[in-house]
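S.K.:
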Amino acid sequence: MSQREWIEKDFYKELGVSSDASTEEIKKAYRKLARDLHPDANPGDAKAEERFKAVSEAHTVLSDPAKRAEYDETRRLFAGGGYGRGGGFTPGGGGGFTQGFDLGDIFGQQAGGADGGLGDLFGGLFNRSGTRTSRPRRGADVEAETTLGFREAARGVTVPLHLTSPSPCTTCHGSGAKPGTSPRVCPICNGSGVVSRNQGAFGFSEPCDECRGTGSIIDDPCVDCHGNGIQNRTRTINVRIPPGIADGQRIRLAGQGEAGLRGAPSGDLYVTVRVSQDKVFGRTGDDLTLALPVSYSELVLGTTVSVPTLEGRVGVKVPPGTADGRTLRVRGRGVPKRGGGAGDLLVTVKVAVPPKLDDDAVAAMRALQEAEKASGFDPRAGWAGA
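Numbering (the UniProt record's numbering), first residue to last: 1 to 386.
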């Protein structure tokens, strides 16, 4: 891809978001488009596949804060100013340029490879360095999701993920050449993958047409991948989910994304974990929460109740005179922490009122009521509404 094409690409338009969209808005837009355009959902649809690649490329840049900042700065300097769709900087007036120049000068890509200038600023975005040597294109990152039960997420688990994505060709091992042969250096660009072309007064560095910017030519392509070095295939990856992962967190698996072209490094796989709710437990940070039903008499007289934990059960002592809604802490029985240890189990007592009492129970409650009055107990003493 030429420098001009990079500058004129509108990644925000590809994702359908504004240029001031938040990271979460970009992620949400990408997920929806990737789900709708994925090759598995559109078998044989070449147009959808091209859109899927374009959306993935846009997400790769805009989801990375550093690359996004460089991309925005590039558009500000060039696309919105001197370098526009009209064909480049206007020569002549207003102190402009009066003789030909090569954008490679700006990006620090002239032969001899002088470092510095805007090439250092934008090198990370364009994957260019101070030399003209072509580098194999790294594979795109891949995003996936998995849903875990609450207790699985708290304890940690290994889950299999089934992915269909570009992967290294198993026949040529990613080289693109038929087994027993090797690619040769392109004689046009001498392996750089880039040639300089003049357009009137201007010069542009563009990918070599002979080798398509790869720097090498394959005379005898692999019959299975047709010289690309990659194949779409379904694979199963076992992903280890660490204990204590929370809903919405992501796990990065280096090198498990899309394969790079002709043996280039693969991208990364990012797995977003969704955690379903539990009927018993809640979670606050590394602490587990639990509502414990108790009777009025248990709160007044005190008791010990067996409650569940992630690993079994534990006895929780309810002291005499405990108020309804009080939270009792059981240390070390919560969610495992990354650095070792675990959070706490927070047990909140809730009075359960019987819907109906027999005559003996009613008589006992009336006797208790009279005893409370005789002792001077007033449940509304100090209450603001009294």
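Cβ atoms here follow ideal geometry from the backbone N, Cα and C, with glycine treated the same way.
1. Using CA coordinates, which residue listed in G255, N190 and C172 is at the minimum distance from Q231?
2. Let's test the definition: count the other Cβ atoms within 10 Å of the Cβ of V349 and tell me whether it reaches 16, buried, or not, exposed.
3. To the nearest angstrom, how far is the alpha carbon of A323 from that of L299?
4. According to DSSP, which residues form a beta bridge with D287?
5. For Q99, does the count of other Cβ atoms within 10 angstroms reach 16, so buried, or fall short, so exposed?
6. Where T327 and E370 are concerned, what is the direct C-alpha to C-alpha distance, given to the nearest angstrom?
7. Could you check what DSSP says for Q369 in three-state terms: helix, strand or coil?
8. So is F281 buried or exposed if we call it buried at 16+ other beta carbons inside 10 Å?
9. Just how far apart, CA to CA, sit R283 and T289?
10. Less than 8 Å between the C-beta atoms of T309 and R333, yes or no?
11. Please name the residue or residues paired with L292 in a DSSP beta bridge.
12. Mapping DSSP to helix, strand and coil, what is V61?
13. What's the call for R75, buried or exposed, on a 16-neighbour Cβ count within 10 Å?
14. Suppose you measure from the CA of V55 to the CA of P354; what does that come to, to the nearest Å?
15. Just curious, the alpha helix (DSSP H) that A144 is in, first and last residue?
16. Assuming the contact rule is C-beta atoms closer than 8 Å, D141 and T60 should be a hit. Round their C-beta distance to whole Å, please.
17. Between V185, A361, C222 and E258, which lies nearest to A144 when the distance is taken from Cα to Cα?
18. Nearest CA to the CA of L148: which residue from K337, P320, E49 and P243?
19. Is the beta carbon of L37 less than 8 Å from the beta carbon of L15?
20. With a CB to CB cut of under 7 Å and the five nearest residues on each side skipped, what residues in its chain are close to G376?
21. Determine the extent of the beta strand (DSSP E) in which I251 is found, giving its start and end residues.
22. If you measure between the beta carbons of N238 and P160, is that distance less than 8 Å?
23. What are the residues that DSSP puts in a beta bridge with Q231?
24. What do you reckon, are the CB atoms on G255 and R138 nearer than 8 Å?
25. Would you tell me roughly how many angstroms separate the C-alpha atoms of G193 and P183, rounded to the nearest one?
26. Distance, Cα to Cα, K13 vs S306?
27. Give me, in chain order, the residues of the same chain whose beta-carbon lies closer than 8 Å to that of V223; leave out the 5 immediate sequence neighbours on both sides.
28. When the Cα atoms are used, what is the spatial distance from D10 to K53?
29. Report the option in D378, S216, L292 and V318 whose CA atom is closest to the CA atom of S175.
30. Can you give the Cα-Cα distance for T236 and C169, rounded to whole angstroms?
31. Considering only residues of the same chain and omitting the five flanking positions on each side of C208, which have a CB-CB separation below 7 Å?
M.R.: On the basis of the supplied data:
1. C172
2. buried
3. 7 Å
4. T284
5. Interpretation of Q99 is limited by its pLDDT of 38, a score under 50 that renders its predicted location unreliable; the figure taken from the coordinates is listed afterwards. Label assigned to Q99: exposed.
6. 30 Å
7. helix
8. buried
9. 6 Å
10. yes
11. V349
12. helix
13. buried
14. 59 Å
15. A144 -> not in any alpha helix (DSSP H); beta strand (DSSP E) instead, spanning V142 to L148.
16. 6 Å
17. E258
18. P243
19. no
20. none
21. R250 to L253
22. yes
23. S167
24. no
25. 14 Å
26. 58 Å
27. T171 and K178
28. 14 Å
29. S216
30. 16 Å
31. C186, I188, C189, G193, V194 and V195
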